[in-house]
Amino acid sequence: ETGVTQTPRHLVMGMTNKKSLKCEQHLGHNAMYWYKQSAKKPLELMFVYSLEERVENNSVPSRFSPECPNSSHLFLHLHTLQPEDSALYLCASSQDKASPHFGPGTRLLVL
Amino acid sequence: QKEVEQNSGPLSVPEGAIASLNCTYSDRGSQSFFWYRQYSGKSPELIMSIYSNGDKEDGRFTAQLNKASQYVSLLIRDSQPSDSATYLCAVRGYSGGSNYKLTFGKGTLLTVNP
């Protein structure tokens, strides 16, 4: 595997479910990101981890919980989501503050 | 609130023409500027970055930056149907702190007609 991989690629969940999104980067980068992309809206930064330490938390609701166990892996734990959370969730990585390299995304639908 | 503005389009050009995509930003302290291309159903991919005033050329792509006017543009010469995509402008300002945040515009949809 090369680049940034994300699983699952598609996810449908009910509002009471708990699920996790997984991201893995194979680029040797030291920073990882979660972005949210909704229709008709700009890409929104959710979280940034640098060297496994969270350095940005962009006023994201607590129903989204990130975890970065090491510099290659990033998770986004989801619980009690709302229908308006349906979106494309993009993971990205970068070396320091260089431009992020994006993964393919997880398309999430909350029913 | 730091903003990045782009015309949503669609911008339609004939094959072989020059496509001109524009972006304005509100944060005067912005230091780094990026253009990403996003095909339908795919994730964004970086095509150009620019950091200082003037032009930067890479193949058929030219990025132009004017910090005094808070304006950045992307020119695509000899447009091809494969250039049809949404083009996202992204800006990194100097906000202190970690400064990892890129602010994105909503993107401009470009269609190149054969």
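Chains V and U, in that order, give the protein sequences.
Take the first sequence: its position 41, counted from the start at 1, is 41 in this note's numbering, and no numbers get skipped.
Take any residue in the second sequence, note its place counting from 1, add 111, and you have its number in this note's numbering.
Glycine is no exception: its CB is placed at the ideal position from the N, C-alpha and C atoms.
8 Å or more divides the Cβ of V/Pro42 from the Cβ of V/Thr106. If you look at U/Asp166, you'll find it in the beta strand (DSSP E) that goes Gly165 to Asp169.
With the criterion set as a beta carbon lying under 8 Å from some beta carbon of chain V, the members of the region 150 to 176 of chain U are Lys153, Ser154, Pro155, Glu156, Leu157 and Ser160, in sequence order. CA-CA distance, U/Ser137 to U/Leu185, rounds to 18 Å. Judged by DSSP in its simplified three-state form, V/Pro100 adopts coil rather than helix or strand. Using beta-carbon distances, U/Gly204 does not count as an interface residue toward chain V, since no partner is under 8 Å. Residues of the region 121 to 139 of chain U whose Cβ lies closer than 9 Å to any Cβ of chain V: none.
At a cut-off of 8 Å, the C-beta of U/Tyr198 has no neighbouring C-beta in chain V. Residue pairing by DSSP puts U/Asn133 in a beta bridge opposite U/Ser184. Each of U/Lys113, U/Gly140 and U/Ala130 was checked against the Cα of U/Arg171, and the nearest Cα belongs to U/Ala130. Interface flag for V/Ser99 against chain U is set, since a Cβ pair is found closer than 8 Å.
Of the candidates U/Ala196, U/Lys212, U/Gly204 and U/Gln191, U/Gln191 places its Cα closest to the Cα of U/Glu126. Of the residues assessed, U/Val115 falls on the buried side of the cut-off, its CB having 16 or more other CB atoms within 10 angstroms.
Spanning the alpha carbons of V/Tyr89 and V/Gly28 requires a straight line of approximately 22 Å.
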